Amino acid sequence: MDNIVFLIFRRMRAPLLALIVVYSVAMLGMVLIPGQDADGNVWHMDFFHAFYFVSFMASTIGFGEIPHAFNAAQRLWVSFSIFFTVVVWLYSIGTVLALLKDETFQRALAERRFARKIKHLGDPFYLVCGYGQTGEALVRSLTERNQHAVVVDILEDRVSLLQIENLREYVPGFCGDARLPAHLLEAGLNHPLCEGVVALTNSNEANLQIAITAKLLHPEIEVICRADSHDIEANMASFGTDHIIDPFDTFALHLATAIQAPCLSLLQDWLSLGHGNLLQEPVYPPSKGLWVVCGYGRFGKAIYDKLIREGFEVVVVEASPDATGIPATAFVMGRGTEAETLSQANIERAVGLVAGTDNDANNLSIIMTARGLNRDLFVILRQNRKENDPVIEAVGADMVMLPSQIIANQIRVLLGAPLQHQFVKLVLHQEDEWACELISRISALVNHHAPEVWEVAFTEEDSHAVCAHVRRGSKLTLADLMRDPRDRERKLPCIPLMLLRHNERTLLPDPGISVQKDDHLLFCGSYTGRDRMEWTLQNENALSYILTGEARPEGWVWRHLSKRGAR
Amino acid sequence: MNPEKVLFGFFIVLALTLNFGFFVGELDNPDHHHVYELFAVIVVNLIATVLKFGDRTQMGAVLLATSLVAMLQLFAAALVWTMAEHVTGSGMTPTATASVVSLSGGAMLANVISVVLLIIETVMLRR
Numbered sequence: 000m001d002n003i004v005f006l007i008f009r010r011m012r013a014p015l016l017a018l019i020v021v022y023s024v025a026m027l028g029m030v031l032i033p034g035q036d037a038d039g040n041v042w043h044m045d046f047f048h049a050f051y052f053v054s055f056m057a058s059t060i061g062f063g064e065i066p067h068a069f070n071a072a073q074r075l076w077v078s079f080s081i082f083f084t085v086v087v088w089l090y091s092i093g094t095v096l097a098l099l100k101d102e103t104f105q106r107a108l109a110e111r112r113f114a115r116k117i118k119h120l121g122d123p124f125y126l127v128c129g130y131g132q133t134g135e136a137l138v139r140s141l142t143e144r145n146q147h148a149v150v151v152d153i154l155e156d157r158v159s160l161l162q163i164e165n166l167r168e169y170v171p172g173f174c175g176d177a178r179l180p181a182h183l184l185e186a187g188l189n190h191p192l193c194e195g196v197v198a199l200t201n202s203n204e205a206n207l208q209i210a211i212t213a214k215l216l217h218p219e220i221e222v223i224c225r226a227d228s229h230d231i232e233a234n235m236a237s238f239g240t241d242h243i244i245d246p247f248d249t250f251a252l253h254l255a256t257a258i259q260a261p262c263l264s265l266l267q268d269w270l271s272l273g274h275g276n277l278l279q280e281p282v283y284p285p286s287k288g289l290w291v292v293c294g295y296g297r298f299g300k301a302i303y304d305k306l307i308r309e310g311f312e313v314v315v316v317e318a319s320p321d322a323t324g325i326p327a328t329a330f331v332m333g334r335g336t337e338a339e340t341l342s343q344a345n346i347e348r349a350v351g352l353v354a355g356t357d358n359d360a361n362n363l364s365i366i367m368t369a370r371g372l373n374r375d376l377f378v379i380l381r382q383n384r385k386e387n388d389p390v391i392e393a394v395g396a397d398m399v400m401l402p403s404q405i406i407a408n409q410i411r412v413l414l415g416a417p418l419q420h421q422f423v424k425l426v427l428h429q430e431d432e433w434a435c436e437l438i439s440r441i442s443a444l445v446n447h448h449a450p451e452v453w454e455v456a457f458t459e460e461d462s463h464a465v466c467a468h469v470r471r472g473s474k475l476t477l478a479d480l481m482r483d484p485r486d487r488e489r490k491l492p493c494i495p496l497m498l499l500r501h502n503e504r505t506l507l508p509d510p511g512i513s514v515q516k517d518d519h520l521l522f523c524g525s526y527t528g529r530d531r532m533e534w535t536l537q538n539e540n541a542l543s544y545i546l547t548g549e550a551r552p553e554g555w556v557w558r559h560l561s562k563r564g565a566r
Numbered sequence: 000m001n002p003e004k005v006l007f008g009f010f011i012v013l014a015l016t017l018n019f020g021f022f023v024g025e026l027d028n029p030d031h032h033h034v035y036e037l038f039a040v041i042v043v044n045l046i047a048t049v050l051k052f053g054d055r056t057q058m059g060a061v062l063l064a065t066s067l068v069a070m071l072q073l074f075a076a077a078l079v080w081t082m083a084e085h086v087t088g089s090g091m092t093p094t095a096t097a098s099v100v101s102l103s104g105g106a107m108l109a110n111v112i113s114v115v116l117l118i119i120e121t122v123m124l125r126r
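Protein chains in written order, with numbering that gives the first Met the number 0: chain A, 0 to 566; chain B, 0 to 126.
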């Protein structure tokens, strides 16, 4: 506010001074020059009429010569002053217009508007720094779950993208350098409803800076960072960054899981798909043989380490080993886009190929060339740019790694469904057979579409009816909850995945256990299942129908009558 | 020497001196108070006000406030004069003159405060 008034005042000083001086000179002239009225008497214009006359002369309105027709001397003076006053008016108006279009002024206005929006935010929100591919995917999925976000990006263009993007919730965007604490504060870091900060810029240093600023200025909130160097990750972890996400390590872990336990990785995939997506076919990476890894950058290294640990034979192809270093095992120098290099790397007898350079065209070329030499390769493709989706899809790799998608997915689960995140972590310790069985149970519930995953918290707010029931001392089992409130004989299409009670987690809890207050449950199933369960949780009549099989009289009169009838 | 400060001080002091010149004389005697002088007071005060725009300091804010008060008083005086002379047609009666002059007296008080503040600021600067 101050800024804008100050700016206007500062800029308007010169034009206003010019206006005052020119007006007073013109007025003084009109007063001093003697005129003649209709009868030839000498008269002097008074200040009031001079002001009146100059006012309409300067604004080029021109009502005429009043109160009496002017004489030659007066007209001479008017013809001089008319030019000065009009010019000064144009100058003043021009200054105001220039001010309105001025960048500093516009920026001051935009900042003020943004600050007001942030101040009036009424829902918990996440502060997303960096609106690149990852930020875009994350904000989209957050808003689809009715969560709120505020975006900071250093580029004006990306922030304006927010306005054309068709998001379900309103997302305020701010153009500024998130490395500067002042900008983070302006974007709402100190806001009591700020739940967390997500640093997704493409620079590790910037993410580090954001993380440490957030941890120092608002220690209670969650800080989630993207990083792709182990050095920076260790640094971030040292001051308590809550979650650090490395897309390359995440994918390498995913690959390792897929090799060891295909069902487990499929289960993870299915649960993190999100509403409305089609189910994927399971992938079965070869479990022994030779792998060719093209590109020994951050991604190549992460994959290489995992493959070596799994006991595979690995050949690395890298064009500039000076920059990336040389692996301990077999190594071929070259880009991998030529048949010769690939032959040197024994592609003919390989079972798997990783096209992991940081150039999409090269990666595609590697795959096409390699397929010419060996048709049965299991192909992993690193996709660098989201725009290349159509060609990437056409090449038909067995696994595609798109860093932005991986990070966005992981953060979405982290922020939107913390229980699901814990579940996925716990599941990693289970046997593959266990996962296979669960997969077949889930696929019986849903057809073609991803299963819905939802959390139920037995708190007053989230499940009023159940809490009231438990408070009265009555028992309620999980199996009861999973009945259809429209027909209690039918079961809702859902599976309880995990129970969290007093910080203790139980996988696949037994339907016979009775629920307690403050329990948290993770369910998966179809959308209708979720919808109907909500009904049971909040509506006492639906709950009592499920428990007793009778529809309870709802209104006061009917309740009274039914009591009398029972007597 | 800062030419901006010279101009600033000049207009503030000139506003006070002109105001004083208009104010002195018998309160209700129209011959002692000339309309040209009131015009000059208003113009100089306007300029002084605009010169004070855009100063972010506390002192600047108070200076601007005193100027705005002076302007309000002077506009009221000019309005009374115009009403008496042109609208009611009674001319400058002693009553009208007295109210015009006393209004300008109030403006003068505000201008005195302006000058005092200017002096205080100068003294505090000690350069």
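We treat Cβ as the ideally placed atom computed from N, Cα and C, and that holds for glycine.
These numbers come from a predicted model, not from an experiment.
Assuming residue 126 of chain A and residue 187 of chain A make a contact with CB atoms under 8 Å, what is their CB distance in whole Å? Residue numbering aside, residue 126 of chain A sits at position 127 when the first sequence is read from its first letter. Residue numbering aside, residue 187 of chain A sits at position 188 when the first sequence is read from its first letter. Taking the Cβ atoms as the reference, residue 126 of chain A lies roughly 6 Å from residue 187 of chain A, within the contact range of under 8 Å.
Quick check on residue 169 of chain A: does DSSP put it in helix, strand or coil? Looking up residue 169 of chain A in the first sequence gives position 170. Of the three classes helix, strand and coil, the one that applies to residue 169 of chain A here is coil, per DSSP.
Measuring CA to CA, which of A/178, A/89, A/192 is closest to residue 198 of chain A? Here the question's residue 198 of chain A lines up with position 199 in the first sequence. The residue with the shortest Cα to Cα distance from residue 198 of chain A is A/178.
Measuring only the C-alpha atoms, how far is residue 116 of chain B from residue 11 of chain A? Within the second sequence, residue 116 of chain B is the residue found at index 117, counting from 1. Within the first sequence, residue 11 of chain A is the residue found at index 12, counting from 1. Near 24 Å, if we compare the C-alpha coordinates of residue 11 of chain A and residue 116 of chain B.
Cα-Cα separation, residue 134 of chain A to residue 407 of chain A: Here residue 134 of chain A corresponds to residue number 135 of the first sequence, with the count starting at 1. Here residue 407 of chain A corresponds to residue number 408 of the first sequence, with the count starting at 1. Rounded to whole angstroms, residue 134 of chain A to residue 407 of chain A spans 7 Å at the Cα level.
Show which residues of chain A have a CB atom less than 8 Å away from the CB atom of residue 52 of chain B. Residue 52 of chain B sits at position 53 when you count from the first residue of the second sequence. For the C-beta of residue 52 of chain B, the chain A residues within less than 8 Å are, from N- to C-terminus, 8, 9, 11, 12, 15.
Show which residues of chain A have a CB atom less than 7 Å away from the CB atom of residue 130 of chain B. Nothing can be reported for residue 130 of chain B, as the shown portion of chain B is limited to 0 through 126.
Can you give the Cα-Cα distance for residue 49 of chain B and residue 90 of chain B, rounded to whole angstroms? Translated into the one-based positions of the second sequence, residue 49 of chain B becomes position 50. Translated into the one-based positions of the second sequence, residue 90 of chain B becomes position 91. Going by the C-alpha atoms only, they are around 33 Å apart.
Given a limit of 9 Å on CB to CB distance, which residues of the region 70-88 of chain B reach chain A? Taking 9 Å as the Cβ-Cβ cut-off against chain A, the residues of the region 70-88 of chain B that qualify are 77, 80, 81, 84, 85.
Would residue 10 of chain B and residue 42 of chain B qualify as a contact pair, given that the criterion is a beta-carbon distance under 8 Å? Sequence index remark: in the second sequence, residue 10 of chain B carries index 11 (1-based). Sequence index remark: in the second sequence, residue 42 of chain B carries index 43 (1-based). It is not a contact, given that the beta carbons lie outside the stated cut-off.
So, with DSSP's three-state summary, where would you put residue 0 of chain A? The residue given as residue 0 of chain A occupies position 1 in the first sequence. Per-residue confidence for residue 0 of chain A stands at a pLDDT of 48, beneath the threshold of 50, marking its modelled position as unreliable; the derived number appears in the next sentence. Correct three-state label for residue 0 of chain A: coil.
Nearest residue (CA-CA) to residue 77 of chain A, options A/22, A/96, A/353, A/104: Looking up residue 77 of chain A in the first sequence gives position 78. Residue 77 of chain A has its Cα closest to that of A/22, out of A/22, A/96, A/353, A/104.
To the nearest angstrom, report how far apart residue 563 of chain A and residue 555 of chain A are at their CA atoms. Along the first sequence, one-based indexing puts residue 563 of chain A at 564. Along the first sequence, one-based indexing puts residue 555 of chain A at 556. Near 12 Å, if we compare the C-alpha coordinates of residue 555 of chain A and residue 563 of chain A.
Quick one: give me the first and last residue of the beta strand (DSSP E) that residue 495 of chain A is part of. By 1-based counting over the first sequence, the position of residue 495 of chain A is 496. DSSP places residue 495 of chain A inside the beta strand (DSSP E), whose first and last residues are 493-500.
Could you work out which residues of chain B lie near residue 45 of chain A, taking near to mean beta carbons separated by less than 8 Å? Counting from 1 along the first sequence, the entry for residue 45 of chain A is found at position 46. Neighbours of residue 45 of chain A on chain B, chain order: 34, 84, 85.
What does residue 5 of chain A reach in chain B if we use C-beta pairs closer than 7 Å? Counted from its first residue, the first sequence places residue 5 of chain A at position 6. For residue 5 of chain A, the neighbours in chain B by C-beta distance under 7 Å run, in chain order, 53, 55.
7 Å Cβ cut-off: residues of chain A touching residue 49 of chain B: As a working mapping, residue 49 of chain B is identified with position 50 in the second sequence. Chain A residues near residue 49 of chain B: 12, 15, 16, 19.
What are the residues in the region 10-23 of chain B lying within 8 Å of chain A by C-beta distance? Residues of the region 10-23 of chain B that bring their beta carbon within less than 8 Å of a beta carbon in chain A are absent altogether.
Across which residues does DSSP place residue 381 of chain A in a beta bridge pair? In the first sequence, counting from the first residue as 1, residue 381 of chain A sits at position 382. Its beta-bridge partners are A/400.
With a 10 Å radius around its C-beta and 16 neighbouring C-beta atoms as the bar for buried, classify residue 437 of chain A as buried or exposed. For the purposes of this step, residue 437 of chain A is identified with residue 438 of the first sequence, where counting begins at 1. By the neighbour-count criterion, in which a residue is buried when 16 or more other Cβ atoms sit within 10 angstroms of its Cβ, residue 437 of chain A is buried.
Counterpart residues of residue 503 of chain A in DSSP-defined beta bridges: The residue you call residue 503 of chain A lines up with position 504 of the first sequence. Looking at the DSSP assignment, residue 503 of chain A forms a beta bridge with A/500.
Thinking residue 544 of chain A and residue 484 of chain A are a contact (beta carbons under 8 Å), I'd like their distance in whole angstroms, please. As a working mapping, residue 544 of chain A is identified with position 545 in the first sequence. As a working mapping, residue 484 of chain A is identified with position 485 in the first sequence. Yes, residue 544 of chain A and residue 484 of chain A are in contact; Cβ-Cβ is about 6 Å, under 8 Å.
Beta-carbon gap between residue 295 of chain A and residue 246 of chain A smaller than 8 Å: Position 296 of the first sequence, counted from the first residue, corresponds to residue 295 of chain A. Position 247 of the first sequence, counted from the first residue, corresponds to residue 246 of chain A. Contact: no.
Using 8 Å as the threshold, is the region 280-296 of chain A in touch with the region 311-319 of chain A, meaning 3 or more CB pairs across them? Cβ pair count under 8 Å is three or more, so yes.
For residue 45 of chain B, decide whether its Cβ has a neighbour in chain A, counting only Cβ atoms nearer than 8 Å. Walking along the second sequence from the start, residue 45 of chain B turns up at place 46. With 8 Å as the cut-off, residue 45 of chain B counts as an interface residue toward chain A.
Along the chain, where does the alpha helix (DSSP H) that runs through residue 51 of chain B open and close? As a first step, residue 51 of chain B is located in the second sequence; it is residue number 52 there, counting from the start. Run containing residue 51 of chain B: none; DSSP gives neither H nor E here.
Helix, strand or coil, according to DSSP, for residue 300 of chain A in the structure here? Looking up residue 300 of chain A in the first sequence gives position 301. Note: residue 300 of chain A maps to helix in three-state DSSP.
If you measure between the beta carbons of residue 461 of chain A and residue 452 of chain A, is that distance less than 8 Å? To locate residue 461 of chain A, count along the first sequence from 1; it is residue 462. To locate residue 452 of chain A, count along the first sequence from 1; it is residue 453. In this structure, residue 452 of chain A does not lie closer than 8 Å to residue 461 of chain A by Cβ.
Proximity winner among A/57, A/376, A/68, relative to residue 89 of chain A (alpha-carbon distances): Against the first sequence, residue 89 of chain A aligns to sequence position 90. The option with the nearest alpha carbon to residue 89 of chain A is A/57.
Proximity of residue 151 of chain A and residue 190 of chain A at Cβ, strictly below 8 Å: If you number the first sequence from 1, residue 151 of chain A lands on position 152. If you number the first sequence from 1, residue 190 of chain A lands on position 191. Not in contact: residue 151 of chain A and residue 190 of chain A (Cβ atoms no closer than 8 Å).
Quick one: what does DSSP say residue 8 of chain B is sitting in, helix, strand or coil? In the second sequence, residue 8 of chain B corresponds to position 9, counting from 1. Residue state, collapsed to three classes: helix.
Beta-carbon proximity list for residue 228 of chain A, same chain, < 8 Å, skipping 5 on both sides: Taking the first residue of the first sequence as position 1, residue 228 of chain A is located at position 229. Counting only residues of its own chain and dropping the five nearest sequence neighbours on each side, residue 228 of chain A has a CB closer than 8 Å to the CB of 203, 297.
Tell me whether the beta-carbon of residue 569 of chain A lies closer than 8 Å to the beta-carbon of residue 450 of chain A. No statement about residue 569 of chain A is possible, as the shown extent of chain A runs from 0 to 566 and does not include it.
Residue 530 of chain A in three-state terms, based on DSSP: Indexing the first sequence from 1 puts residue 530 of chain A at position 531. Collapsing the DSSP output to three states places residue 530 of chain A in a helix.
What residue ranges within the region 276-321 of chain A form continuous alpha helix (DSSP H) runs of no fewer than 4 residues, ordered along the chain? Counting only runs of 4 or more, we get 297-308.
How would you call residue 321 of chain A, buried or exposed, if buried means at least 16 neighbouring beta carbons within 10 angstroms? Start at 1 with the first residue of the first sequence, and residue 321 of chain A comes out as number 322. Counting Cβ neighbours within 10 Å, residue 321 of chain A comes out exposed, since fewer than 16 surround it.
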